[in-house]
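Read the structure below first, then the notes.
Residue numbers (our numbering): 30 to 142.
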């Protein structure tokens, strides 16, 4: 009976982890951002954007990684919150990584590998 309980617990834990993966993505920056205050940002979590976070942008702009669209949406869904001056400091490679992770929320579950 304990083996089944352990298996059930493992399955439940995997389901919770999978649900979290559907709602949060973590990006480790190749070039950390150092704000003028001295705060160093090395890892950024991106929450799944809901309708409100997508206001005033077109999805096609996000899908094409348009920098203006990314600068509009990313501050609404990141932790720590990215602010406009951060985008002046961010490495282009990291901006692409953040944009790619953001766009990955728009891929239906059936089509994810």
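From the three backbone atoms N, C-alpha and C, an ideal C-beta is built for every residue, glycine too.
- DSSP places residue 129 in the uninterrupted alpha helix (DSSP H) bounded by 121-133.
- When the Cα atoms are used, residue 127 and residue 75 turn out to be separated by approximately 8 Å.
- With respect to residue 115, residue 53 sits apart: the two C-beta atoms are not nearer than 9 Å.
- The C-alpha of residue 69 is placed about 29 Å away from the C-alpha of residue 86.
- Distances from the alpha-carbon of residue 110 to those of 59, 60, 51 and 64 put 64 closest.
- Sorting 56, 96 and 100 by C-alpha distance to the C-alpha of residue 73 places 56 at the top.
- Per DSSP, residue 85 lies in no alpha helix (DSSP H) segment and is marked neither H nor E.
- Here the alpha carbons of residue 66 and residue 89 stand approximately 35 Å from one another.
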